[in-house]
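When you line the sequence shown up against full-length UniProt numbering, it's residues 1 to 104, in that order. See below for the structure under consideration.
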Amino acid sequence: TSNVQFLQSFQFVGADAVEQIPYMRWDNDMYYVPDPSAENLMQKAEAAGYSSTRDSYNCEHGSFIEGIEMFDNKFFGLSVQECKGMDPNQRHMLEVCYEVCFSA
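Here is the structure:
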């Protein structure tokens, strides 16, 4: 969330922002291999139709920017093409900086 008060309280209590990978991002079951041994990775890669193990991993969790797909490009005067080329963190930073300036 970009709510400044929420972020401050989140940091104060030392909360953990890591969560299970949401299906909205990608289907983790296609790539997740609990046992990272080379044999298991290769079996999973072959079953999924991959010729290598570079598309398999043994991680089920991550930190994600909630609602990043809701970015209002017109508000910031950006085209859809420009937004597609931007890192999600750049879009998030624009929103947070605007909120900080607006709240000041």
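For glycine and all other residues, C-beta sits at the position ideal for the given N, C-alpha and C.
| Check | Outcome |
| --- | --- |
| Under 8 Å between C-beta atoms of Gln20 and Glu60 | yes |
| Buried versus exposed, by CB contacts within 10 Å (16 or more), Arg25 | exposed |
| Exposure label - Thr1; buried when at least 16 CB within 10 Å | Residue confidence for Thr1 is low, a pLDDT of 45 falling below 50, so the modelled location carries little weight; the figure read from the coordinates is stated next. The residue is exposed, with fewer than 16 neighbouring Cβ atoms inside 10 Å. |
| Coil, strand or helix - Gly14 by DSSP | coil |
| Span of the alpha helix (DSSP H) around Glu69 | Here Glu69 belongs to no alpha helix (DSSP H), and DSSP marks it neither H nor E. |
| Leu94 to Tyr31 span [Cα, whole Å] | 32 Å |
| Close beta carbons around Val18, own chain, < 8 Å, minus the five adjacent residues each side | His61, Gly62, Ser63 |
| Ser79 and Val4 closer than 8 Å at C-beta | no |
| Nearest-angstrom beta carbon gap, Arg91 and Cys97 [assumed within contact, 8 Å] | 11 Å between Cβ atoms; not a contact. |
| Spatial distance of Glu99 from Asp27 (CA atoms) | 33 Å |
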